[in-house]
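Notes follow the structure.
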């Protein structure tokens with residue numbers, strides 16, 4: 002969230018990421034001689050059948066007749082923006098076997114690689130454009146590896162590249178077989194209109210079907226899903242099956258779950274079923290002007306005070322004070338501010354302290370900083386009688402140390418200490434403590450492609466760094482409202498890039514949070530989807546508030562798609578999320594500056 006005008010930090014982050022990756026290119030390995038039983042397993046490696054068998058990002062890839070290295074066709078793929086024109090193919094292989102991957106390429110910064118090997122994923126690349134050059138690398142599969150993904154890609158800001166005659170030579174894999182039926186089906190959360198499920202991952206499965214009463218109601222890429230659109234106080238039977246290219250497994254054993262009684266749907270936090278969240282510039286002024294707490298309209302259900310900031314980046318000591326009179330001539334007194342907070346709470350509203358923002362970098366590198374954070378945040382909550390905490394860590398607050406590769410078991414001190422601090426606050430204030438988070442897309446959805454410094458090092462260590470925090474605190478989390486603005490294009494679950502400013506971006510980004518996704522493409526490390534009542538969409542209230550402003554008409558399209566599965570455009574959601582909690586905006590002040598366009602549209606859409 003920004004004190005002043007919008008900034009675009011995403012391009013800078015990707016610049017760091019790209020620079021590191023280019024510095025970490027692997028050297029080509031010499032190829033061993035193929036054994037007598039070895040065969041070329043790549044399908045359509047010469048692109049003579051167009052892109053048959055290949056999956057190319059966005060619309061970046063095409064088969065062309067010139068230039069070719071041999072035959073009549075070759076691949077031409079053109080990086081654009083943040084899309085580095087990746088084309089990939091999944092190939093069945095044998096466990097514990099050696100393979101040689103080779104391709105002829107033309108262009109600068111052209112990569113060839115393999116992922117999912119079960120041992121060490123490999124890549125090699127060429128820096129110099131010009132004539133056709135052969136890239137070759139080798140790898141050995143792990144003891145349980147039955148398929149790998151081979152790929153080519155270019156790099157950001159480079160011209161089109163060409164690839165031809167790609168081969169993967171080694172022992173042929175066993176035919177794909179239908180996976181086993183999933184085991185361990187259980188409920189992880191039950192609400193009045195939704196049930197969250199999880200089950201054990203099935204070897205060889207590429208996806209899962211979820212059944213309610215024998216009817217398929219949802220699909221999932223990982224071993225979890227949330228079934229929505231249910232009726233309160235009603236018993237439902239659920240089963241799940243596993244799928245892959247060979248077909249669908251038998252259904253799992255059935256379980257029964259009974260939805261809770263109807264009501265606000267907010268659990269112990271007592272939020273309304275549809276909530277509007279806004280940030281109030283309480284400690285500073287900018288072009289939007291200062292808005293007094295008493296002047297915040299009743300439309301706003303959660304009011305986040307912006308911002309509590311540390312005395313230094315690593316101190317953990319958080320301070321909050323009202324905007325100085327010299328900066329905000331119309332600021333209320335402390336007594337008036339506290340009285341207005343109590344009045345809002347009496348009307349059923351929640352008022353939280355938001356920590357961080359664009360300027361408030363917080364790095365809890367030590368247990369001393371963690372403890373100072375708990376003590377100082379508690380003091381702010383107690384002083385103003387607040388309902389909870391909003392975590393708006395941005396910039397360099399969160400990053401993953403080299404080697405911290407599993408979001409389920411983080412080891413980086415800034416991550417571990419933040420989780421511990423928040424759990425301490427939750428334990429201190431009990432079940433009514435409201436916890437919200439407002440990360441940027443770089444720290445959450447980008448984790449579908451990149452996580453931390455990556456398997457070779459050199460990536461931006463902040464990529465996906467919020468995922469371990471969200472995951473560890475999911476049972477305590479009231480609302481996650483990712484900032485769908487000030488963002489570069491992000492790849493969705495359809496493996497296409499989506500750009501901010503329209504309904505499509507919000508649909509794709511929100512669907513990722515609800516359906517879950519494999520982190521950095523690793524199907525063994527799937528971030529489970531959140532419950533719909535835990536998710537709100539974050540948007541700027543006006544064109545002045547941030548890059549990526551979305552018109553009310555496009556906001557309504559996104560809501561229609563996510564909650565009703567209408568107006569979806571080209572993106573197909575992985576469910577109908579009728580319990581989606583609502584919207585968040587930066588900010589209440591900017592909405593007032595824009596004649597309350599954002600909140601009026603919210604009220605009109607939900608009939609408030």
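In the numbering used here, the protein residues as written are 2 to 609. For each residue, glycine too, the CB sits at the ideal point set by N, CA and C. Quantities reported herein were computed from a predicted structural model and do not represent experimental measurements.
Look at residue 513 here: in three-state DSSP terms it is helix. The stretch 238–254 and the stretch 195–210 touch, with no fewer than 3 CB-CB distances between them shorter than 8 angstroms. For residue 165 and residue 116, the gap between their C-alpha atoms comes out near 20 angstroms.
Listed in chain order, the beta strand (DSSP E) runs fully inside the stretch 521–569 are 523–529 and 537–541, counting runs of at least 3 residues. The Cβ-Cβ distance between residue 502 and residue 549 falls below 9 angstroms. In the DSSP assignment, residue 353 falls within the beta strand (DSSP E) that extends over 351–357. In this model, residue 520 and residue 553 are separated by some 32 angstroms (Cα to Cα). Boundaries for residue 197: no alpha helix (DSSP H) harbours it, while the beta strand (DSSP E) harbouring it runs 196–199, taken from the DSSP string. In the pairwise beta carbon analysis, the stretch 398–406 is classified as touching the stretch 448–455: at least three pairs are separated by under 8 angstroms. Counting the other Cβ atoms within 10 Å of the Cβ of residue 463 gives 16 or more, which makes it buried. As the crow flies, the alpha-carbon of residue 576 is around 32 angstroms from that of residue 78. The continuous stretches of alpha helix (DSSP H) do not include residue 229, and DSSP gives it neither H nor E. Here residue 371 is buried: its Cβ has 16 or more other Cβ atoms, across all protein chains shown, within 10 Å. Nearest neighbour of residue 283 by Cα position, chosen from 603, 587, 605 and 601, turns out to be 587. If the five residues before and after residue 468 are omitted, its C-beta is found closer than 6 angstroms to the C-beta atoms of 408, 448 and 528, all from its own chain and listed in chain order. By the criterion of a C-beta distance shorter than 6 angstroms, residue 135 is surrounded in its chain by 105, once the five residues flanking it on both sides are discounted.
Residues of the same chain with a CB within less than 8 angstroms of the CB of residue 417, apart from the 5 flanking positions on each side, are 411 in chain order. Across the set 398, 288 and 311, the C-alpha of 311 shows the shortest separation from the C-alpha of residue 373.
Under DSSP, the beta-bridge partners assigned to residue 105 are 135 and 165.
543 is the residue among 600, 543 and 580 whose C-alpha sits nearest the C-alpha of residue 289. Counted as a single uninterrupted DSSP element, the alpha helix (DSSP H) harbouring residue 418 occupies residues 414–430. Closest in alpha carbon position to residue 48, among 213, 58 and 70, is 70. Judged by their CB atoms, residue 232 and residue 194 are nearer to each other than the 9 angstroms cut-off. In this structure, the CA atom of residue 593 is about 19 angstroms from the CA atom of residue 484. A distance below 9 angstroms separates the beta carbons of residue 532 and residue 580.
The Cβ atoms of residue 62 and residue 90 lie no closer than 9 angstroms to each other. Approximately 17 angstroms separates the beta-carbon atoms of residue 352 and residue 537; this is outside 8 angstroms, ruling out the contact.
In this structure, the CA atom of residue 197 is about 27 angstroms from the CA atom of residue 350. For residue 469, the enclosing alpha helix (DSSP H) covers residues 468–473.
A distance of 9 angstroms or more separates the beta carbons of residue 189 and residue 148. With respect to residue 392, residue 437 sits close: the two C-beta atoms are nearer than 9 angstroms. Assigned with DSSP and collapsed to three states, residue 126 falls in strand. In this structure, residue 535 sits near residue 479, with a CB-CB distance shorter than 9 angstroms. Taking the C-beta atoms as reference points, residue 111 is found nearer than 9 angstroms to residue 153.
Between residue 599 and residue 540, the gap from beta carbon to beta carbon is short of 9 angstroms. Between residue 482 and residue 585, the gap from beta carbon to beta carbon is short of 9 angstroms.
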